[in-house]
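**Q** Just so you know, we're using our numbering here: the sequence shown kicks off at 9 and counts up by one.
We treat Cβ as the ideally placed atom computed from N, Cα and C, and that holds for glycine.
I have a structure here, written as structure tokens, and I will follow up with some questions on it.
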Amino acid sequence: METIQLAVVCVLLSAGLTFAAVEEEDPEFWRSLAHDDLEAALNRKLNTNVARNVMLFLGDGMGITTITAARILKGQLQNRTGEETVMTMDTFPYVGLAKVYTVDFQIPDSAATATAYLCGVKTNLNVVGVNAAGRNGVCRTQKGNEVTSILKWAKDAGKSVGIVTTTRVQHATPAASYAHSASRTWYSDSDLPPGAQQGGCTDIASQLLNNTDIDVIIGGGRKYMSPKGTPDPEYPTDPTSRGQRSDNRTLISEWLSMKEGKVAHYVWNRTDFDAVDPETTDYLMALFEPGDLRFEQERDPALDPSLVETTEKAVRILRKNPKGFFLLVEGGRIDQGHHASRAAMALHEAVALDEAVAKGLELTNEEETLTLVTADHSHGLSFNGYPFRGNSILGKSPLYGSDFLPYTTLMYGNGPGHKIVNNKRPDIRKVNTKLGHYVQQAAVPLDSETHGGEDVAVFARGPMAHLLQGVHEQSYLPHAMAYAACIGRDARHCTHTFSRMRPDLMRLLRCVLTSCASSDAS
């Protein structure tokens, strides 16, 4: 069958059918392109500055196949063929790979991976901010095994810190930046089993207030912050959106009272969000949904800001600190689109994250800002068939399967798209597979598609970005970021940087650090 398919492709091409731009038929086009790339590589200078700021953009579930497909989609949304498109993350000069396995599983979840790339240690599935001595759901194993994150290291160094996500702010990725929990699902106190309550474990939402003083918190998750049964301000008649807490605490009010004397804002809608002046704001908590935010394709711009807009607001607030900032930005619903086998949703989320990366770069100085783009894990997404150049990335292969039925270019290894009726796959010839609600076909039936276990890409630019080249354990990432920023345990980079100063500047710096001026005066 493969021979027949390839023969059909060759016949079509030999008949003069081509989708390439005319310039691409000229060998000099490709030689010139390669020459420009080569010159850029040869002229690249290492940036060995100390990173005043660190921005980590995390695409949850954004494996390499997802990046490739999102690149094509981004170009096709701009009326191009798509394959030649350059994503913002593609422009980063240093690229590496991170190994994502956990201590106990070959293929990870988002909690264990977040603990790796934020806290610098690998751990077990489903635990957040706890080392591998912690056991999933066992409260007593949490005590004494907590690990802190680069967000806390940055805060302890005097930097401003923030989290921006398209999921609930208590979800696995943001949670690992501030919480320690033997279970990623202990969002509110109502989620704690009796044994965990008796053992003194606390829910993730309450830890959001108590563990680290976070300057900017943007995402969803209102219902975990309010007493049980409290009507949601946006969906007052929806019982699933009501408050979840059993301890009768109103965490949002508590958070505001903790910021007395500072300019602190809590907002839950677009109007109030737009009214927040970043130049006069010290703290911002913005929770736009009871749970996760809406998919980008379903978002109403009149009601909810985009990831680009929330990223911009966060950076503008945080960058006022002369000591710099650390910001985690998560495109969290890439993962959820994949779990539902709705490739269109996942890819539009990835494009939105790339646009947020561009905004982050626009608002910062590369000479003093280390920026990373990476993923926690991949998914079982395959990019297959022999589609022609410019074929819709969400469309169908021009060639049929051996069952004489069409199939999409993007498919899943498992998931809810497995539907066999009378020993046949569904006939999708008249189905619009480009729509957001379309569920891609899958080889194995599952209610929810699973993660993938291959390495994920790490894109880096800015101070010490070259440290991210090569293949590393995922837990290496925060150590490299911290080294570049001179925070955490390893401050050698500060020492090396200072040693390269002029002797007179070195003497002045030592004088400032040792308060010699006051000593001389006395």
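Residues in its own chain within less than 6 Å of glycine 478 by CB, not counting five upstream and five downstream?
**A** Taking the first residue of the sequence shown as 1, we reach residue 478 at position 470. Hits under 6 Å: Gly104.
**Q** Going by alpha carbons, who is nearest to tyrosine 394 out of Leu418, Arg497, Trp161?
**A** Stepping through the sequence shown from its first residue, residue 394 is reached at position 386. Comparing Cα positions, the closest option is Leu418.
**Q** Rounding to the nearest angstrom, what Cα-Cα distance links glutamine 150 and aspartate 455 in this structure?
**A** If you number the sequence shown from 1, residue 150 lands on position 142. If you number the sequence shown from 1, residue 455 lands on position 447. Each residue's Cα considered, the two are about 31 Å apart.
**Q** Compute the distance between the beta-carbons of cysteine 502 and valine 58, then report whether it is under 9 Å.
**A** Here the question's residue 502 lines up with position 494 in the sequence shown. Here the question's residue 58 lines up with position 50 in the sequence shown. Yes.
**Q** Pick from Ala165, Val271, Lys404: whose alpha carbon is nearest that of alanine 499?
**A** As a position in the sequence shown, residue 499 is number 491, starting the count at 1. Of Ala165, Val271, Lys404, the residue nearest in Cα terms is Ala165.
**Q** Alpha carbon to alpha carbon, what distance is there between alanine 490 and methionine 509?
**A** Here residue 509 corresponds to residue number 501 of the sequence shown, with the count starting at 1. Here residue 490 corresponds to residue number 482 of the sequence shown, with the count starting at 1. In this prediction, methionine 509 scores a pLDDT of 49, lower than 50, which makes its location untrustworthy; no coordinate-derived value is stated.
**Q** Assign methionine 509 to one of three DSSP states: helix, strand, or coil.
**A** Taking the first residue of the sequence shown as 1, we reach residue 509 at position 501. Confidence in methionine 509 is poor, its pLDDT being 49 and thus under 50, which makes the residue's placement unreliable; the coordinate value appears in the next sentence. Coil.
**Q** Does the beta-carbon of glycine 203 have 16 or more other beta-carbons within 10 angstroms, so that it is buried, or is it exposed?
**A** Your numbering for residue 203 matches position 195 in the sequence shown. Classification for glycine 203: exposed.
**Q** Looking only at C-alpha atoms, which of Val172, Thr458, Tyr415, Asp411 sits nearest to serine 431?
**A** Start at 1 with the first residue of the sequence shown, and residue 431 comes out as number 423. With the sequence shown as reference, residue 431 is identified as asparagine, and serine is not the correct amino acid for it. Looking at the Cα atoms, Asp411 is the closest of the given residues.
**Q** What number of angstroms, rounded off, separates the C-alpha of threonine 245 from the C-alpha of aspartate 290?
**A** Counting from one through the sequence shown, the residue named residue 245 turns up at place 237. Counting from one through the sequence shown, the residue named residue 290 turns up at place 282. Near 34 Å, if we compare the C-alpha coordinates of aspartate 290 and threonine 245.
**Q** Considering only C-alpha positions, which residue in the set Met233, Tyr243, Val271, Trp263 is nearest to serine 550?
**A** No answer is possible for residue 550: it lies beyond the span of the chain, which begins at 9 and ends at 530.
**Q** Report the residue from Trp161, Ala493, Trp194, Gly460 whose alpha carbon sits nearest the alpha carbon of aspartate 384.
**A** In the sequence shown, counting from the first residue as 1, residue 384 sits at position 376. For aspartate 384, the nearest C-alpha among the options comes from Gly460.
**Q** Ends of the beta strand (DSSP E) at arginine 341?
**A** Here residue 341 refers to the residue found at position 333 of the sequence shown. Counting along the chain, arginine 341 falls outside any beta strand (DSSP E), though it belongs to the alpha helix (DSSP H) covering 341-347.
**Q** Under the three-state reduction of DSSP, which class applies to arginine 143: helix, strand or coil?
**A** Locating residue 143 in the sequence shown gives position 135, counting from the first residue. Coil at arginine 143, not helix or strand.
**Q** Can glycine 228 and glutamate 297 be called in contact, C-beta distance under 9 Å?
**A** For the purposes of this step, residue 228 is taken as residue 220 along the sequence shown, with counting starting at 1. For the purposes of this step, residue 297 is taken as residue 289 along the sequence shown, with counting starting at 1. Yes, the Cβ-Cβ distance between glycine 228 and glutamate 297 is below 9 Å.
**Q** Out of Pro486, His474, Gln482, Tyr484, which one is the CA nearest neighbour of lysine 53?
**A** To locate residue 53, count along the sequence shown from 1; it is residue 45. Checking every option, the nearest Cα to that of lysine 53 belongs to His474.
**Q** Assign threonine 155 to one of three DSSP states: helix, strand, or coil.
**A** Position 147 of the sequence shown holds residue 155. As written in the sequence, residue 155 is valine, which differs from the threonine given in the question. Note: valine 155 maps to coil in three-state DSSP.
**Q** Buried or exposed: where does leucine 355 fall if 16 or more other Cβ atoms within 10 Å of its Cβ makes it buried?
**A** By 1-based counting over the sequence shown, the position of residue 355 is 347. Leucine 355 counts as buried, since no fewer than 16 other beta carbons sit within 10 angstroms of its beta carbon.
**Q** Would you check if the distance between the CB atom of aspartate 45 and the CB atom of phenylalanine 467 is smaller than 9 Å?
**A** Taking the first residue of the sequence shown as position 1, residue 45 is located at position 37. Taking the first residue of the sequence shown as position 1, residue 467 is located at position 459. For aspartate 45 and phenylalanine 467, no; Cβs fall outside 9 Å.
**Q** Assuming glycine 388 and threonine 458 are in contact, meaning their beta carbons sit under 8 Å apart, how far apart are those beta carbons, in whole angstroms?
**A** Here residue 388 is taken as the residue at index 380 of the sequence shown, counted from 1. Here residue 458 is taken as the residue at index 450 of the sequence shown, counted from 1. Between threonine 458 and glycine 388 the Cβ distance is about 6 Å, and since that is below 8 Å, they are a contact.
**Q** Should glycine 423 be labelled buried (16 or more other beta-carbon atoms within 10 Å of its own) or exposed?
**A** Within the sequence shown, the letter at position 415 stands for residue 423. It counts as buried.
**Q** Buried or exposed, going by whether 16 or more other CB atoms sit within 10 Å of the CB of aspartate 528?
**A** Taking the first residue of the sequence shown as position 1, residue 528 is located at position 520. Residue placement at aspartate 528 cannot be trusted, given a pLDDT of 44 that sits under 50; the coordinates are not used to answer.
**Q** What's the gap between the Cα of asparagine 373 and the Cα of tyrosine 243?
**A** If you number the sequence shown from 1, residue 373 lands on position 365. If you number the sequence shown from 1, residue 243 lands on position 235. When rounded, the distance between both Cα atoms is 41 Å.
**Q** Note down, in chain order, each residue of its chain lying with its Cβ closer than 6 Å to the Cβ of histidine 379, except the 5 sequence neighbours on either side.
**A** Along the sequence shown, read from residue 1 onward, the residue named residue 379 stands at position 371. As written in the sequence, residue 379 is threonine, which differs from the histidine given in the question. Once the five neighbours on either side are set aside, the close Cβ partners of threonine 379 are Met63, Arg469, Gly470.
**Q** Is there contact here, the stretch 140-154 with the stretch 166-179, by at least three beta-carbon pairs under 8 Å?
**A** Verdict: no, contact absent.
**Q** In this structure, how does DSSP classify glutamate 375 when only helix, strand and coil are distinguished?
**A** In the sequence shown, residue 375 corresponds to position 367, counting from 1. DSSP places glutamate 375 in coil when its eight states are reduced to three.
**Q** With a Cβ-Cβ cutoff of 9 Å, do leucine 371 and valine 337 count as a contact?
**A** The count along the sequence shown starts at 1 and reaches residue 371 at position 363. The count along the sequence shown starts at 1 and reaches residue 337 at position 329. No; because the gap between Cβ atoms is not below 9 Å, this pair is not in contact.
**Q** Three-state secondary structure (DSSP) at glutamate 297?
**A** Translated into the one-based positions of the sequence shown, residue 297 becomes position 289. Glutamate 297 sits in coil when the DSSP states are folded into three classes, being neither helix nor strand.
**Q** Assuming contact is defined by CB atoms lying nearer than 9 Å, are glycine 444 and methionine 353 in contact in what I supplied?
**A** For the purposes of this step, residue 444 is taken as residue 436 along the sequence shown, with counting starting at 1. For the purposes of this step, residue 353 is taken as residue 345 along the sequence shown, with counting starting at 1. Contact flag set, yes.
**Q** For the alpha helix (DSSP H) containing isoleucine 46, name the first residue and the last one.
**A** Residue 46 sits at position 38 when you count from the first residue of the sequence shown. For the sequence presented, residue 46 should be read as leucine rather than isoleucine. Its alpha helix (DSSP H) spans residues 35-50.
**Q** Does the distance from the C-beta atom of threonine 181 to that of leucine 326 stay below 9 Å?
**A** By 1-based counting over the sequence shown, the position of residue 181 is 173. By 1-based counting over the sequence shown, the position of residue 326 is 318. No, they are not a contact pair.
**Q** For lysine 107, which residues of its own chain have a beta-carbon under 8 Å away from its beta-carbon, when the five flanking residues on both sides are left out?
**A** Position 99 of the sequence shown, counting from 1, holds the residue named residue 107. For lysine 107, where only same-chain residues beyond five positions count, the Cβ hits under 8 Å are Asp463, Val479, His480, Glu481, Gln482.
**Q** Start and end of the beta strand (DSSP E) containing phenylalanine 467?
**A** On the sequence shown, position 459 is the one that residue 467 refers to. Here the beta strand (DSSP E) through phenylalanine 467 covers 464-469.
**Q** Which residues bound the beta strand (DSSP E) around phenylalanine 65?
**A** In the sequence shown, counting from the first residue as 1, residue 65 sits at position 57. Where phenylalanine 65 is concerned, the enclosing beta strand (DSSP E) stretches over 61-67.
**Q** For arginine 253, list the residues DSSP reports as bridge partners.
**A** Numbered from 1 along the sequence shown, position 245 holds the residue referred to as residue 253. Arginine 253 pairs with Pro235.
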